[in-house]
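Peer 1:
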Amino acid sequence: MNDTELSGQIIGAAIEVHKLLGPGLLESAYEECLCHELHLKGIRFSKQKPVPLVYKGVKLDCGFRLDLLVEERIVVELKSIDGIGPIHEAIVLTYLRLSGNSLALLINFNVPVLKDGIRRFIMSRNNDTVSLNTEATEIAEKRPKSNHA
57 MNDTELSGQI
67 IGAAIEVHKL
77 LGPGLLESAY
87 EECLCHELHL
97 KGIRFSKQKP
107 VPLVYKGVKL
117 DCGFRLDLLV
127 EERIVVELKS
137 IDGIGPIHEA
147 IVLTYLRLSG
157 NSLALLINFN
167 VPVLKDGIRR
177 FIMSRNNDTV
187 SLNTEATEIA
197 EKRPKSNHA
């Protein structure tokens, strides 16, 4: 199963959870139910997976944890909040950078229609550019070129 198909399976599982529970519960309840749906589909995942931070060659455990890492390649960040803001997107971007993964789903269950609470992030690392692509927008950050080309 490729990343697009797998992310579709994850989104389908999240929609099933939201359809049965609706908005308004704690994030932890949605996480447990989504994990159950993924298990029923035979999809492997890790819950609350620690992500180390390497600083000046030292591996630090700073408490960064991915809500879910699905099939060791898709980061899933779950929320149950009034609205997704830039800080939530920045957190997902940080998780992608630290984990080395390139695809993430940010799912906010506290919405009337779940499709309005889902954002998909794709990070590509090309030479001096890191680009973040969501369903509706594309943001590119230009990194300065090194002096030794």
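All letters in the sequence shown, in the order written, are residues 57 to 205 by my numbering.
Just so you know, even glycine gets a beta-carbon here, dropped at the ideal spot from N, CA and C.
1. Residue 59 and residue 159 look like a contact to me (Cβ under 8 Å); what is the Cβ gap, rounded to whole Å?
2. Should residue 86 be labelled buried (16 or more other beta-carbon atoms within 10 Å of its own) or exposed?
3. In terms of residue numbering, what span does the beta strand (DSSP E) encompassing residue 121 cover?
4. Determine the direct distance from the alpha carbon of residue 174 to that of residue 123, and round the result to whole angstroms.
5. Please state the DSSP three-state secondary structure of residue 71.
6. By alpha-carbon positions, which one of 131, 137, 138 ends up nearest to residue 177?
7. Let me know the secondary structure DSSP gives residue 175 once reduced to three states.
8. Report the three-state DSSP secondary structure of residue 106 (helix, strand or coil).
9. Using the Cβ count rule (16 or more neighbours within 10 Å means buried), how would you classify residue 70?
10. Specify, as a first and last residue, the run of the beta strand (DSSP E) that residue 137 falls within.
11. Please go through the same chain and pick out, in chain order, the residues whose beta-carbon is closer than 8 Å to the beta-carbon of residue 80, but skip the five residues on each side of it.
12. In terms of residues, what are the limits of the beta strand (DSSP E) holding residue 159?
Peer 2: Based on what the coordinates show:
1. 5 Å
2. buried
3. 121–126
4. 15 Å
5. helix
6. 131
7. strand
8. strand
9. buried
10. Run containing residue 137: none; DSSP gives neither H nor E here.
11. 136, 166
12. 159–164
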